[in-house]
Amino acid sequence: MKSVHLLRTAAVSAALLLSACSTLPGGKGFSVTTGQLPPPPTDRQWPDASQDARNQRAQGMGLVAMPEMEDYLNGLLAKIKSAAGVPEWPGAVHVTSSSALEAYSTGAGNIYLSMGWLSSAESEDEIVAILSHEFGHVYLDYHQMESVNTATDQVATLAAVGVALARKAGSATGWSPVDSVIASYTLGKNVLVPAWGRQQEENADRFGATVSLALGYSYTQGFKAFLERQATWEAENAKIQAEARQRMLEQIKQAAADNTRKQEAAKGNNIAPLTELQASLNSGVAGASVGLRNGLDDIWKKLTVSHPDTGARLASLTEQVMPLMAGKPRPPAATAPWNKARSQRRSAALLKNYKTAGEAQQALQAQDYPRARKLAAQAASGPSATHALPLLTLSMAQAESGARGSSPLDRNLASANDRAWQVYVLRANNLLGAGQSGPATKVMAQGFEYFRSSALAWPEAIRFYGQTQGWEQARKLAQECASRFASYASECRKAAESPAEQAEAKRRSEQKAQSLVDKLFK
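Numbered per mature numbering (1 follows the signal peptide of the UniProt record, and there is no 0), the sequence shown spans residues -25 to -1, 1 to 497.
If you want it as structure tokens, here you go:
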């Protein structure tokens, strides 16, 4: 019955989705055919590419300055643009500090490629596949979806499947009507929006393969290798996340049980069998609540995952590509230019240093602090001496080993080309925690002035100013954030909650769980 119910919910969602698909580039049912380039969308509005790159430094540990590698990658992007017939379009390739296999593009025409891909890819064919796929998103103007997604929010709240599931969950877990409304909104939105992403990804694959083949690159060593490598990484990462989720669940359950014991001890009660049973029930309620939310999330990710199964993408793409390759010679992999680009002195040193930073982080996790500090010092030297990720690793290693002195993070803040928002946040909060309110406020003010145009910077800044200038000031900033960045309104409002308001929210949550436990005892 469950599978039938889920199929019905998918059908309801599909009906709602069809009414919105007409806004996809090319109209309802728009689909790219491999080997044929659709005309580019007209009347493009291009955000400033330089400002966009600055905003992206608010993501994670920011961007990595790799001049020679960037020149090489932008040369490839220029070839892709020319093959697509739009050589004059703006945008450039930038490198992110992430060790994951990540790449994304923005409406400004910029493409962001991770250090993980630079370390893992084995040929120029593979890099061109990634870049041409991401440029496909730019060419097809899929970034208009960023604004369309907000417009679909009202439709999403009406998704019948979300409401039904939320009400069913509510009767089982003690959720309030408010919880049900929130759940129906979230589930309904997930049903509608990511389905558009599935079409986007497949069309970007087909666009990219068309351009890649036109440039004479190998499909086997290019797109096939790119998607196979991504699929392997996704599988490994999913396993790691599942293990982390289980550890977190056990910690939540243990914390719930420990909290019950502490409350009874504070009342002067002995830990009687009944109290132990109540602690166990509290633990189970906490685990069930988290498990239910994760379970619903997992179900809907399977139905509405924004990136379709990579294996399915590869199979679909190969089916379209093979007829185009029939009877034609298969080009060899272009490994020489790629190896030359990676072996350039500064690029090679940066790739090595970021790998060393990863090894230092592993040493930190293993609590081998002397080795972590040695590796981190190596990582934060030479061309990466002012880079955010190596310096953060070094700062953590020094703190764990009890070292004193100036913070390595200041080297990043002094570098106009390398500064990252998260480093400003960490440095300001470290100073504030050490009782240095003045210097902390100065660091935050400098960082927020630089990153004020990035929505990602606002929640952390609001939280900091709430602590230092009062929560009324934080609420004013949250209102400004909501007016400038509608999609971040909720995060900014939450960041402006005072400790008392946060404690009250926690109290209500614990009261809800206790109420359910009391019902079980009755």
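Just so you know, even glycine gets a beta-carbon here, dropped at the ideal spot from N, CA and C. Predicted, not measured: the structure shown is a model, and the values here were computed from it.
Taking all protein chains shown into account, do 16 or more other C-beta atoms lie within 10 angstroms of the C-beta of residue i, making it buried, or fewer, making it exposed?
i	result
Arg482	exposed
Gln17	The question names Gln, but residue 17 is Thr in the sequence shown. When all chains shown are included, Thr17 counts as exposed.
Met371	buried
Trp21	exposed
Thr8	exposed
Asp180	buried
Glu479	exposed
Asn212	exposed
Arg288	buried
Leu388	buried
Glu455	exposed
Gln486	exposed
Arg32	buried
Thr207	exposed
Pro434	buried
Lys237	exposed
Ser376	exposed
Ile102	buried
Lys56	buried
Gly410	exposed
Asn178	buried
Ile86	buried
Could you check the C-alpha separation between residue i and residue j for me, to the nearest Å?
i	j	result
Thr285	Lys451	44 Å
Thr310	Ala58	21 Å
Lys315	Leu325	15 Å
Ser390	Gln444	28 Å
Ala430	Leu401	18 Å
Arg386	Pro312	34 Å
Gln477	Ala374	29 Å
Ser80	Gly66	9 Å
Ser74	Gln342	21 Å
Tyr425	Phe439	16 Å
Tyr329	Leu367	12 Å
Ala338	Tyr344	7 Å
Ser359	Glu45	15 Å
Pro42	Val398	22 Å
Ala436	Met419	7 Å
Pro306	Ala290	21 Å
Tyr379	Trp446	Residue identity differs from the one stated: residue 379 is Arg in this sequence, not Tyr. The straight-line gap from Cα to Cα measures roughly 33 Å.
Tyr463	Ser72	24 Å
Leu249	Glu472	Low per-residue confidence applies at Leu249: pLDDT is 44, beneath 50, and the placement is therefore not dependable, though the value from the model is reported in the following sentence. So the two alpha carbons sit approximately 37 Å from each other.
Pro298	Glu203	21 Å
Leu52	Ala210	29 Å
Gly60	Pro15	9 Å
Gln196	Leu188	11 Å
Gly84	Gln221	39 Å
Asn234	Ala241	11 Å
Phe201	Pro304	21 Å
Gln34	Gln175	23 Å
Ala354	Ala475	42 Å
Determine the contact status of residue i and residue j, defining contact as a CB-CB distance below 7 Å.
i	j	result
Ala395	Met36	yes
Ala335	Ala323	no
residue 500	Ala332	Given a span of -25 to 497 for the chain in the structure shown, any question on residue 500 remains unanswerable.
Ser193	Asp100	yes
Leu76	Gly91	yes
Asn49	Val68	yes
Gly111	Phe198	no
Ala78	Leu88	yes
Asn392	Ala40	yes
Thr185	Gly10	yes
Ser98	Ala308	yes
Ala453	Arg468	yes
Ala415	Ala403	yes
Gly82	His118	yes
For chain B, is any of its Cβ atoms less than 7 Å away from the one on residue i?
i	result
Ala287	Protein chain content of the structure displayed is limited to a single chain, and chain B is not contained in it.
Inside the region 370 to 420 only - alpha helix (DSSP H) runs reaching at least 4 residues: Within the region 370 to 420, complete alpha helix (DSSP H) segments of at least 4 residues are found at 384 to 388 and 396 to 408, given in chain order.
Every unbroken beta strand (DSSP E) inside the region 30 to 98 [3 residues or more]: Within the region 30 to 98, the complete beta strand (DSSP E) runs of at least 3 residues are 68 to 71, 78 to 80 and 86 to 89.
Continuous alpha helix (DSSP H) assignments of at least 4 residues falling wholly in the region 420 to 480: When DSSP assignments are scanned along the region 420 to 480, the uninterrupted stretches of alpha helix (DSSP H) that are 4 or more residues long and fall wholly within it turn out to be 433 to 444, 446 to 459 and 464 to 470.
Residue ranges of each alpha helix (DSSP H) within the region 275 to 346, 4 or longer: Those alpha helix (DSSP H) runs which fall completely within the region 275 to 346 and span 4+ residues are 285 to 300, 310 to 318 and 320 to 340.
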